[in-house]
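> My structure is below; once you've seen it, I'll send some questions.
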Amino acid sequence: MLRKLLTIVVVMIGCTTYGQQCPVITYPMDGETEVPVDATITWTAVTGINGYLISLGTTPGGTELLSREPTGIINSYKAPVGLPDNTRIYATLSILNSNAQPVECGSIIFNTTDVTTPPPCTFLVAPDNDATNVTIVTDIIWAYAPTATSYTLSIGTSEGGTDILNAMNVGNVLSYNPPVDLPQDLRIYVTVRPENENGAMASCTEESFFTGVVDDPCEQIDPITGATSSSRPEIELPNRFTKCKDSGPILVSPLGEADGFRWYRTEGNTNTLISQDRINLIDDVGNYLFEAYNIITKSGVNLECVSSRNFSIVPSEAATIESVGIRKLTAGKEVTINVVGLGEYEFALDEPNGTYQDDPVFINVPEGPHTIYIRDKNGCGIVSRLIERGLKPEDFPNFFTPNGDGINDFWQFVPPPEIADVFEVLNGSISIFDRYGNLLLELDPKSKGWNGNFNGKPLPSSDYWFKAISRNQQKMIGHFTLKR
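In this text, residue positions in the sequence shown follow the numbering used here: the first is 1082, and each later residue adds one.
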């Protein structure tokens, strides 16, 4: 009886000991739903054991997804290629006791989320992007793309090339062993496109590595002198061209020779091929990319050695004079020219072929009329204007006929055609008098003009007098006839 009792106690102690050693899964919780397919399953850590084992299945106790996978003493597990989506999963945790015997510690149930979008792009792990001196028998390894269920792989010896492997779906794996050796001393281009039942991203970034000690097959090093030579074409092309507004297409031509040429229009991150001729007629302003290339053969593969240039075509035009400011100084005047336009402008005074300056301000300008010139630096034209011309008798009509027929119904100062703003000529209003010297009105030179009335009543046909003062204080007094 005592022996039986001792046996029961030992068994109970052993069960208690193992029960205390069993960890508890903390994520996901038992019965949890919408668990991400890239979830990390975690559990509480215990001591005094040799490690953990985890099994995953779609039925109670099932192991078809994962069968007693050891995690060492790490109390977490993340499926390398993710969990199946929209699936009920049974997770069973076991421990290895001190005798390396597995002891099952129970299980939980959870449901993964339903994936409804394509997976994101991935990246190379080995060889990593831009790696050099890569062995020609290397495996291609990439990172897991969450929600991916397969990967399509392309490998080539040129950008976008598929001469080694053409868009092959390699399944739900994270590596690929090429069946043949990669070519030596070449740059190898790799594109990995993750996919699932919802499709794939529109495009993923191409990465590359080099199977040699030199990172550029287009550069050669002389083994004796150590000098470097290049197979790329030597091309010269300005980085900026100017197109005058409303002009025709401009001719863009590089200096240098090459086996081939390409011209692209650049908009954001998109390059659109527009020509493969040596020279190009371009009609639209904007940003462009030019490529010139030579073709070489390396390890039996034809390669392009490319020289590229980014350039822009910018618009320009002749200036529009908005206004001219004139300020009296102790000696002479200060003239400030205000212009608008798409171009880059320079300014000159009185001489169209004289010395131009970037500053639109001229100081100590002598009294009298002057001509200002504004030249577009890009060759899109010169504009000019006469300033402070002074007053002339022909600036004032000899007569007017205010009879309502729409012809000569108003008398007004006539601005000279070479000056846009009357206030660059006149200083203030124009005084109008009758023949006895009585002031009838002060006429605004920017108004429609005088209609021949005084205090609302028509004045008779007669001669009338005016007085005007120019900006340079020139007085002009004259007379005109009112005819009825």
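The beta carbon of each residue, even a glycine, is placed where N, CA and C say it ideally should be. Fair warning: this is a prediction, and the values are worked out from it, not measured in the lab.
Give me the DSSP bridge partner(s) of LEU1205.
TRP1223
> On the CB-based measure, 16 or more other CB atoms within 10 Å of its CB, does TYR1517 come out buried or exposed?
With a threshold of 16 other beta carbon atoms within 10 Å, TYR1517 falls short and is exposed.
> Using 8 Å for Cβ pairs, my map puts ASN1279 next to THR1194. What's the rounded Cβ distance?
So it is not a contact: roughly 13 Å between Cβ atoms.
> Count the other C-beta atoms from every protein chain shown that fall within 10 angstroms of the C-beta of PHE1371, then say buried if there are 16 or more, exposed otherwise.
Answer is buried; the Cβ neighbour count reaches 16.
> What is the residue span of the alpha helix (DSSP H) that GLN1102 lies within?
1083-1102
> Rounded C-beta distance between ASP1166 and ILE1217? I'm assuming under 8 Å.
Wrong, their Cβ atoms sit about 38 Å apart, outside the cutoff.
> Taking just the CA atoms, how far does ALA1373 sit from SER1389?
6 Å
> Leaving out five residues before and five after PRO1104 in sequence, what residues of the same chain have Cβ atoms less than 8 Å from its Cβ?
Cβ neighbours of PRO1104 within its own chain (closer than 8 Å, five residues either side excluded): TRP1124, THR1125, ALA1126, VAL1127, TYR1133, ASN1156, LEU1174, ILE1176 and CYS1186.
> Can you say whether LYS1409 is buried or exposed, counting buried as having 16 or more other CB atoms within 10 angstroms of its CB?
exposed
> What is the DSSP secondary structure of ASP1544, reduced to helix, strand or coil?
strand
> Between which two residues does the beta strand (DSSP E) harbouring GLN1301 extend?
1300-1302
> Measure the C-alpha to C-alpha separation of GLN1415 and VAL1446 and round it to an integer number of angstroms.
In the sequence on display, residue 1415 carries Glu and not Gln. If I take the Cα positions, the gap works out to 6 Å.
> Throw me the rounded Cβ distance for the GLY1258 and SER1231 pair, which I believe falls under 8 Å.
For the record, residue 1258 in the displayed sequence is Asn; it is not Gly. Going by Cβ atoms, the distance from ASN1258 to SER1231 rounds to 17 Å, so no, they are not a contact pair.
> Look at the Cβ atom of GLN1493, then the Cβ atom of GLY1530, and state whether they are nearer than 7 Å.
yes
> Starting from GLY1341, trace the beta strand (DSSP E) in both directions and tell me its first and last residue.
Going by DSSP, GLY1341 is part of the beta strand (DSSP E) stretching over 1341-1348.
> Is it buried or exposed, ALA1260, if we count other Cβ atoms within 10 angstroms and call 16 or more buried?
Note that residue 1260 is Pro in the sequence shown, not Ala. Classification of PRO1260: exposed, given that the 10 Å Cβ count is below 16.
> For ASP1457, which of helix, strand or coil comes out of DSSP?
Assignment of ASP1457 by DSSP, reduced to helix, strand and coil, places it in the strand class.
> Does DSSP put PRO1151 in a helix, a strand or coil?
Here PRO1151 sits in strand by DSSP.
> Which of the three DSSP states, helix, strand or coil, is assigned to HIS1560?
Correct three-state label for HIS1560: strand.
> Quick one: using the 10 Å Cβ neighbour count with 16 as the cut-off for buried, is LEU1507 buried or exposed?
buried
> Pull up the CB-CB distance for LEU1164 and VAL1118, whole angstroms please, since I reckon it's below 8 Å.
5 Å
> For GLY1243, list the residues DSSP reports as bridge partners.
According to the sequence displayed, residue 1243 carries Thr and not Gly. The partner list for THR1243 (beta bridge, DSSP) is empty, contrary to what the question assumes.
> Would you call the CB atoms of LYS1326 and PRO1396 closer than 7 Å?
yes
> Quick one: is ASP1303 buried, meaning 16 or more other Cβ sit within 10 Å of its Cβ, or exposed?
Here ASP1303 is exposed, its C-beta having fewer than 16 other C-beta atoms within 10 Å.
> How is the beta strand (DSSP E) around ILE1463 delimited, first residue to last?
1463-1468
> In three-state DSSP terms, what is PRO1183?
strand
> For my contact list, GLU1432 and LYS1458 are in at a C-beta cut-off of 8 Å; report their separation, rounded to the angstrom.
Contact between GLU1432 and LYS1458 does not hold, since the beta-carbon distance rounds to 17 Å and is not under 8 Å.
> How far does the beta strand (DSSP E) with ILE1135 in it extend, from its first residue to its last?
1132-1138
> Tell me the rounded alpha-carbon separation between PHE1481 and PRO1526.
16 Å
> Within this structure, are the beta carbons of ILE1363 and SER1334 separated by less than 7 Å?
no
> Note down, one range per segment and in chain order, each beta strand (DSSP E) of at least 3 residues found wholly within the region 1298-1333.
1300-1302, 1309-1311, 1321-1325 and 1331-1333
> Kindly confirm or deny that the region 1456-1471 and the region 1399-1409 touch, where touching means at least three C-beta pairs closer than 8 Å.
yes
> Could you please give the first and the last residue of the uninterrupted beta strand (DSSP E) stretch that includes PRO1335?
Neither: PRO1335 is in no beta strand (DSSP E) and is coded neither H nor E.
> Does the beta-carbon distance from ALA1339 to PRO1298 come in below 7 Å?
no
> Going by DSSP, what residue range makes up the beta strand (DSSP E) through LYS1270?
The residue you asked about is not Lys; residue 1270 is Tyr in the sequence shown. Run containing TYR1270: 1268-1277, per the beta strand (DSSP E) assignment.
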